[in-house]
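Engineer:
Residue numbers (our numbering): 11 to 908.
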């Protein structure tokens with residue numbers, strides 16, 4: 011290798027000179043050079059070259075992203091790509107690598123399209139894992155959490171991921187959870203946050219309440235695995251059922267979410283009924299108890315005969331003031347009539363409260379309104395108890411039903427009455443919100459320390475009182491120790507618990523439950539738009555600029571709870587005038603798991619390490635000789651099938667890992683991590699072939715001849731036309747995959763196809779055609795969002811090609827700062843079909859017309875030909891070994907068994 015004196019003269023000869031630092035490597039025959047550093051192009055893409063490429067470009071790519079930061083006042087079109095923020099466990103796993111590679115790829119792509127891109131990152135930092143880890147280690151959860159955040163931030167940076175770090179949030183910081191508390195107070199003031207005694211799911215290991223969704227089908231905790239117990243506790247709820255119908259209906263306005271919309275709809279259920287509020291009375295006196303009861307046909311509410319509760323209802327087991335009046339009836343058994351009267355706050359009618367003999371109502375409810383006119387079973391119960399009721403439906407001669415004995419709603423059809431009654435009940439705030447019989451309000455109380463304190467104080471005179479907004483945040487006190495035992499560790503902080511009532515200034519106590527972490531994550535996408543605002547959660551004009559999130563990326567395990575809660579809070583914020591839109595996310599991209607191979611003893615189920623397996627036989631067995639079950643499961647340390655992302659990157663490189671996670675499967679499917687499959691060798695070969703294409707062009711332009719397109723002959727021109735068509739087809743397809751279906755694996759396949767076309771180009775076409783040069787430049791540009799380090803070096807090599815023909819590479823600059831390639835207008839005007847010559851074992855047998863759009867796709871062309879009369883005649887019963895689609899002419903050759 012020679013280093014020119016002219017090049018040496020460009021650098022001051024100082025110790026700090028970057029050239030002097032690289033000079034020993036340049037002069038050493040065993041060290042590979044890097045073009046961006048030395049101006050000398052390495053012909054082959056070797057492991058050492060890859061390492062040096064990534065080392066060189068990593069800080070530069072990150073710096074480019076930060077340099078071209080966000081301007082909230084910019085006229086550029088916005089694009090908000092959001093990946094679900096992680097819990098700071100301290101270590102990244104391959105699932106993190108997959109989701110953040112996807113968001114990073116989309117972010118780079120949209121920037122190349124000229125958009126202002128918000129790609130933020132933060133930390134879902136409260137919750138049980140940190141508290142349990144702190145207990146085990148004798149640490150403060152805050153100390154543990156912050157150290158994990160620092161570690162994971164460094165790991166993310168090492169992967170070259172370009173996040174909008176200036177927007178970083180952490181839910182455990184007071185400047186964040188102050189606004190979580192603010193939103194809770196708004197819910198409280200709107201009557202949507204309330205407290206009641208409830209039979210709850212209790213995790214005896216983690217010592218906290220679980221929502222129904224956090225209990226698996228075996229009745230065990232989703233986190234600890236313990237068998238869940240039933241316990242009666244006073245808990246905080248958020249009345250998400252009031253928004254059930256709007257949340258269900260607005261799904262229709264969203265694009266398809268990989269089946270998640272159906273999951274959301276199923277979770278909510280058919281919103282055909284509603285709740286009405288009742289006041290309870292004993293001996294003619296109101297007890298202060300309010301009970302909400304479900305009715306499946308709200309228009310018949312004036313025909314109610316009774317209110318029924320289950321034997322498991324909280325009124326029978328808690329500290330309710332009506333409990334004594336219920337217990338006597340409870341002993342009587344089947345459908346017991348109690349001494350309690352319930353007054354419907356909407357109709358003002360009074361009905362008796364009964365205890366049903368059932369164990370469940372519709373599998374979900376515990377309080378229902380009995381309406382004999384709608385149910386033979388309700389009528390049977392009412393008759394058995396000698397109860398009276400009003401007939402409220404009348405059938406007209408044409409078969410339609412209208413209301414009678416229903417005050418001002420009499421004379422209305424059932425449909426008209428349904429709408430009018432529920433609307434008026436909502437206006438009077440006594441019920442009427444359409445919901446399903448299976449949906450429950452959101453239980454948010456958690457009896458743990460490491461969470462957002464609920465900003466309420468309990469006063470003996472005033473009852474529960476919200477902390478004034480100017481006194482927020484209610485910060486967590488420092489506890490001497492956390493034992494992990496007992497209910498609500500905050501109760502031990504006596505100086506913190508005892509306080510004054512904000513309303514009457516009398517003695518009061520703070521709420522000692524903390525919020526479920528799903529509350530923190532229900533609004534974080536808002537805070538990213540205005541993360542440093544000290545006056546409010548976010549400015550409306552900033553939220554309205556950036557939201558809805560254009561693409562939201564995360565695991566399918568959050569397709570129900572998190573998405574439902576986040577959607578609910580956005581609907582609520584719109585009603586409060588905080589934002590102009592109802593739905594927080596436009597497109598949803600769910601990702602599957604990355605699974606590792608597991609080996610476990612067939613008899614005991616014990617997981618074994620790979621080094622404990624004998625692979626010499628037909629089937630793997632344990633070294634002990636015992637039979638082994640081989641499966642693919644979610645990666646974890648306990649199953650000995652996990653991978654450390656940093657070790658994988660060290661072995662294969664950042665770009666290779668990125669390409670593998672994008673190419674191995676569509677995003678929503680699971681990846682079975684196996685380096686022996688075609689995916690990893692395939693992307694390794696492809697990177698080398700891309701490098702060879704740039705080497706090929708540079709070499710052709712160094713032959714001494716100035717490129718002269720007029721030297722191309724007819725055969726060459728046919729080849730350049732083919733390249734031109736393939737380039738435009740690739741741009742069209744890849745752009746569609748990046749914007750519509752996010753099939754990055756299909757996008758990479760299309761780029762591989764373009765690579766094949768260019769690799770087969772003749773030397774004359776490479777040297778003299780603008781089409782080859784433009785196609786190669788477009789290929790590198792489209793590779794850049796997915797493999798930014800490699801593409802940056804390839805682009806640097808392209809931009810220094812002698813005598814370039816296309817403006818694409820004449821202006822230089824870094825690849826990620828270039829414009830995304832667009833389809834040539836002429837391509838959109840060419841005929842829609844092309845006639846392909848069909849050869850079988852190199853012998854022509856006819857032609858088939860195929861759509862131009864698929865004429866360069868071997869698999870699709872083969873399928874069309876097989877369906878054609880020619881294909882059915884000549885290929886129908888034959889074994890096709892291979893189909894070869896010519897990259898230069900309209901021809902396909904089928905190799906078949908004779």
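Positions of the beta carbon are idealized from the N, C-alpha and C atoms, including for glycine.
(1) So which of 811, 459, 409 and 825 has the shortest CA-CA distance to residue 216?
(2) If I measure Cβ to Cβ from residue 527 and keep anything under 6 Å in the same chain, skipping five residues before and after, which residues do I get?
(3) Is any heavy atom of the ligand SAM found at a distance shorter than 7 Å from the C-beta of residue 487?
(4) Please state whether DSSP places residue 849 in a helix, a strand or coil.
(5) Which residues in the same chain have their Cβ closer than 8 Å to the Cβ of residue 291, if we skip the five residues on either side of it in sequence?
(6) Please go through the same chain and pick out, in chain order, the residues whose beta-carbon is closer than 7 Å to the beta-carbon of residue 651, but skip the five residues on each side of it.
(7) Under 7 Å Cβ to Cβ from residue 261, same chain only, skipping five residues before and after it: list those, please.
(8) Measuring straight from C-alpha to C-alpha, what distance separates residue 853 and residue 901?
(9) Exposed or buried, which one is residue 398 when buried takes at least 16 other CB atoms within 10 Å?
(10) Contact check, residue 315 vs residue 388 under 8 Å by CB: the rounded distance?
(11) In this structure, how does DSSP classify residue 431 when only helix, strand and coil are distinguished?
(12) Who are the near neighbours of residue 175 in its chain, counting only those whose CB is closer than 7 Å to its CB and skipping five residues on each side?
(13) Given a cut-off of 8 Å on the beta-carbon distance, is the pair residue 84 and residue 66 in contact?
(14) Rank 124, 798 and 905 by C-alpha distance to the C-alpha of residue 112 and give the top, closest one.
(15) Helix, strand or coil: which one does DSSP assign to residue 890?
(16) Tell me which residue opens and which closes the alpha helix (DSSP H) that residue 735 is part of.
(17) Looking only at its own chain, which residues have a Cβ that is under 8 Å from the Cβ of residue 477, when we skip the five neighbours before and after it?
(18) Answer with buried or exposed for residue 542, where buried requires no fewer than 16 other C-beta atoms within 10 angstroms of its C-beta.
(19) Pairs of beta-carbons, one from the region 623–636 and one from the region 579–586, closer than 8 Å: are there three or more?
(20) Find the nearest neighbour of residue 653 within the set 684, 665, 640 and 636, judged by alpha-carbon distance.
(21) Can at least three beta-carbon pairs, one atom from the region 435–444 and one from the region 500–512, be found at a separation below 8 Å?
(22) Is the beta carbon of residue 134 sitting closer than 8 Å to the one on residue 531?
(23) Are the CB atoms of residue 278 and residue 258 nearer to each other than 8 Å?
(24) Should residue 723 go down as buried or exposed, given a rule of 16 or more other Cβ atoms within 10 Å for buried?
(25) Can you tell me whether DSSP reads residue 213 as helix, strand or coil?
(26) Nearest-angstrom Cα distance between residue 754 and residue 309?
(27) Just reading off the beta strand (DSSP E) that residue 64 is part of, what are its end residues?
(28) Buried or exposed for residue 142, please, with buried defined as at least 16 other CB atoms from any protein chain shown within 10 angstroms of its CB.
(29) Rounded to whole angstroms, how far is the Cβ of residue 365 from the Cβ of residue 385, which I believe are closer than 8 Å?
(30) Looking only at its chain, what residues have a beta carbon closer than 8 Å to the beta carbon of residue 299, apart from the 5 residues adjacent to it on each side?
(31) Where does the unbroken beta strand (DSSP E) through residue 697 begin, and where does it stop?
(32) Between 118, 612 and 151, which has its C-alpha nearest residue 98's C-alpha?
(33) Using CA coordinates, which residue listed in 153, 128 and 117 is at the minimum distance from residue 752?
(34) Grouping DSSP H, G and I as helix and E and B as strand, with all else coil, what is residue 106?
(35) Please return the same chain residues whose Cβ sits closer than 6 Å to the Cβ of residue 38, not counting the five positions on each side in sequence.
(36) Going by beta carbon distance, what residues of the same chain come within less than 7 Å of residue 180, once the five residues before and after it are set aside?
Structural biologist: Quick look at the numbers:
(1) 459
(2) 136 and 137
(3) Questions concerning the ligand SAM fall outside what the structure shown contains, since it holds no ligand whatsoever.
(4) strand
(5) 297, 350, 351, 352, 353 and 360
(6) 606, 607, 608, 643 and 645
(7) 271, 274 and 275
(8) 11 Å
(9) exposed
(10) 7 Å
(11) helix
(12) 131
(13) no
(14) 798
(15) strand
(16) 724–746
(17) 191, 195, 465, 466, 467, 484 and 512
(18) exposed
(19) no
(20) 684
(21) no
(22) yes
(23) yes
(24) exposed
(25) strand
(26) 51 Å
(27) It is not in any beta strand (DSSP E) - residue 64 instead sits in the alpha helix (DSSP H) that spans 57–77.
(28) buried
(29) The Cβ separation is near 18 Å, so there is no contact.
(30) 289, 290, 325, 330, 331 and 332
(31) Taken as a continuous stretch (DSSP letters only), residue 697 belongs to no beta strand (DSSP E), being part of the alpha helix (DSSP H) at 689–710.
(32) 151
(33) 117
(34) helix
(35) Reliability of the predicted coordinates at residue 38 is poor, the pLDDT of 35 falling under 50, and the value obtained from them is presented with this limitation in mind. None.
(36) 132, 133, 135, 159 and 186
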